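**Q** Protein chains in written order, with our numbering: chain A, 173 to 291; chain B, 128 to 233.
Quick reminder that beta carbons are idealized off the backbone N, C-alpha and C, glycines included.
All of these numbers come straight from a predicted model, not from anything done at the bench.
Have a look at this one.
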Amino acid sequence: VQLVDSGGALVQPGGSLTLSCTASGFSFSDSAMGWVRQAPGRGLEWISSIGGAGIKTYYADSVKGRFSISRDNTRNTLHLHLGSLSVEDTAIYYCVKYGPGYTGMFDFWGQGTLVTVSS
Amino acid sequence: SYELTQPHSVSVSLGQTAKIACGGHRVVDRYVSWYQQRPGQSPMVVIFQDTKRPSGIPERISGSNSGNTATLTISGTQAVDEADYYCHVWDNSSAVFGGGTKLTVL
């Protein structure tokens, strides 16, 4: 299993950005996926998740209405569109794979991609 | 919303046993996962469903869950165990993480 995160950049406040995660080594369309972020020197914060078919999506209150998660099962890619960015969104963003069945864990993590929001 | 509380830091002498607590209201009713994050690396799961170890995780790492506290125990602590540890549960369809505990091996 491999998850490769990309798309992080320096963005001005109010700007937008799209992150991507390219997956391999497992049946992508059978796995729910998500994003977890970590601000500099801080803990982990769950941001968003999406079901395997891409129909059901979930968001943390901190990003609801600003961020949008999507997936392309034909290309084994996961996306996160970040909008109306503020300095508080500065963080490393990790793509995560849900564990099988009802294990309840994130069993694989990407290497992370850094988003810096600054003027 | 549901909250998990962890101590900011725990220190343990080399070879001794470290215990990291994760507190939450009736956390026993939820499955707890634990993640280890070494400096500069991505987190990795070390315990899921309270007590289970993924393949490759040594037996000296174990978990328990009772009442309002889940506990990660590391026996015979080694230098490689020095890391940040996070507990995790589900609150409906939202993932909740504890604030993290920095384990220092003396």
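#1: Using a Cβ-Cβ cut-off of 7 Å, state whether A/Met-277 counts as contacting chain B.
#2: For A/Ala-195 versus A/Gly-224, is the C-beta spacing smaller than 7 Å?
#3: State the start and end residues of the unbroken beta strand (DSSP E) segment that holds B/Arg-157.
#4: Step through the CB atoms of chain A and report whether any lies within less than 7 Å of the CB of B/Val-154.
#5: Hey, which unbroken runs of the alpha helix (DSSP H) at 4 residues or more fall wholly within the stretch 189 to 231 of chain B?
#6: Measuring alpha carbon to alpha carbon, tell me which of B/Gly-225, B/Leu-233, B/Val-232, B/Thr-231 ends up nearest B/Glu-130.
#7: Whose C-alpha, out of B/Val-154, B/Met-171, B/Ala-210, is nearest the C-alpha of B/Arg-228?
#8: Using a Cβ-Cβ cutoff of 7 Å, what residues of the stretch 228 to 252 of chain A are near chain B? List them in chain order.
#9: Restricting to runs no shorter than 4 residues, where is the alpha helix (DSSP H) found entirely within the stretch 196 to 225 of chain A?
#10: If you measure between the beta carbons of A/Thr-297 and A/Gly-179, is that distance less than 7 Å?
#11: What does the alpha-carbon distance come out to for the pair A/Ser-221 and B/Ser-220?
#12: If you draw a straight line from the C-alpha of A/Val-208 to the C-alpha of A/Thr-288, how long is it?
#13: Exposed or buried, what is B/Gly-167 when buried is set at 16 or more other beta-carbons lying within 10 Å of its beta-carbon?
#14: B/Val-223: which of B/Leu-141, B/His-135, B/Tyr-158 sits nearest, CA to CA?
#15: How should A/Gln-210 be labelled, buried or exposed, when 16 other C-beta atoms within 10 angstroms of its C-beta is the threshold for buried?
#16: Along chain A, in chain order, which residues have C-beta atoms closer than 7 Å to that of B/Gln-176?
#17: Do B/Gly-194 and B/Asp-177 have their C-beta atoms within less than 7 Å of each other?
#18: A/Thr-249 bridges to which residues according to DSSP?
#19: Within 7 Å of any Cβ in chain B, is that where the Cβ of A/Gly-284 sits?
#20: Excluding five sequence neighbours on each side, which residues of the same chain lie with their C-beta closer than 7 Å to the C-beta of B/Ile-184?
#21: Take the Cβ of A/Asp-177 as the centre, count every other Cβ of all protein chains shown within 10 Å, and call the residue buried at 16 or more, exposed below.
#22: Thinking A/Asp-279 and B/Pro-181 are a contact (beta carbons under 8 Å), I'd like their distance in whole angstroms, please.
**A** Looking at the atomic coordinates:
#1: In the first sequence, the residue the question calls residue 277 of chain A occupies position 105. Yes - at least one Cβ of chain B is within 7 Å of the one on A/Met-277.
#2: Sequence index remark: in the first sequence, residue 195 of chain A carries index 23 (1-based). Sequence index remark: in the first sequence, residue 224 of chain A carries index 52 (1-based). No. Outside cutoff.
#3: Stepping through the second sequence from its first residue, residue 157 of chain B is reached at position 30. Looking at the DSSP string, B/Arg-157 is not in any beta strand (DSSP E), and its letter there is neither H nor E.
#4: To locate residue 154 of chain B, count along the second sequence from 1; it is residue 27. Chain A contact via Cβ: absent.
#5: Whole alpha helix (DSSP H) segments, 4+ residues: zero.
#6: Mapped onto the second sequence, residue 130 of chain B falls at position 3. With distances taken between CA atoms, B/Glu-130 lies nearest to B/Gly-225 out of B/Gly-225, B/Leu-233, B/Val-232, B/Thr-231.
#7: Taking the second sequence and counting its residues from 1, the one referred to as residue 228 of chain B is at position 101. In the sequence as presented, Arg is not what sits at residue 228 of chain B; that position holds Thr. Shortest Cα-Cα distance from B/Thr-228 to any of B/Val-154, B/Met-171, B/Ala-210 involves B/Ala-210.
#8: Of all residues in the stretch 228 to 252 of chain A, Tyr-230, Ala-232 have a Cβ within less than 7 Å of some Cβ in chain B.
#9: Listed in chain order, there is nothing to give.
#10: Residue 297 of chain A is absent from the model: chain A starts at 173 and stops at 291.
#11: Within the first sequence, the letter at position 49 stands for residue 221 of chain A. Within the second sequence, the letter at position 93 stands for residue 220 of chain B. Going from the Cα of A/Ser-221 to the Cα of B/Ser-220 covers about 9 Å.
#12: Working through the first sequence from its first residue, we reach residue 208 of chain A at position 36. Working through the first sequence from its first residue, we reach residue 288 of chain A at position 116. Cα to Cα, the separation comes out at about 15 Å.
#13: Here residue 167 of chain B refers to the residue found at position 40 of the second sequence. Counting other Cβ atoms within 10 Å of its Cβ, B/Gly-167 stays below 16 and is therefore classed as exposed.
#14: Locating residue 223 of chain B in the second sequence gives position 96, counting from the first residue. Of the candidates B/Leu-141, B/His-135, B/Tyr-158, the one whose C-alpha sits nearest the C-alpha of B/Val-223 is B/Tyr-158.
#15: On the first sequence, position 38 is the one that residue 210 of chain A refers to. Taking all protein chains shown into account, A/Gln-210 has 16 or more neighbouring C-beta atoms within 10 Å of its C-beta and is therefore buried.
#16: Numbered from its first residue, the second sequence carries residue 176 of chain B at position 49. What B/Gln-176 touches in chain A: Thr-275, Gly-276.
#17: Numbered from 1 along the second sequence, position 67 holds the residue referred to as residue 194 of chain B. Numbered from 1 along the second sequence, position 50 holds the residue referred to as residue 177 of chain B. It is not a contact, given that the beta carbons lie outside the stated cut-off.
#18: The sequence position of residue 249 of chain A within the first sequence is 77, counting from 1. Answer by DSSP bridge pairing, in chain order: A/Thr-194, A/Asp-244.
#19: In the first sequence, counting from the first residue as 1, residue 284 of chain A sits at position 112. With 7 Å as the cut-off, A/Gly-284 counts as an interface residue toward chain B.
#20: To locate residue 184 of chain B, count along the second sequence from 1; it is residue 57. The residues are Val-173.
#21: Stepping through the first sequence from its first residue, residue 177 of chain A is reached at position 5. Counting other Cβ atoms within 10 Å of its Cβ, A/Asp-177 reaches 16 or more and is therefore classed as buried.
#22: Your numbering for residue 279 of chain A matches position 107 in the first sequence. Your numbering for residue 181 of chain B matches position 54 in the second sequence. Confirmed, Cβ separation roughly 7 Å.
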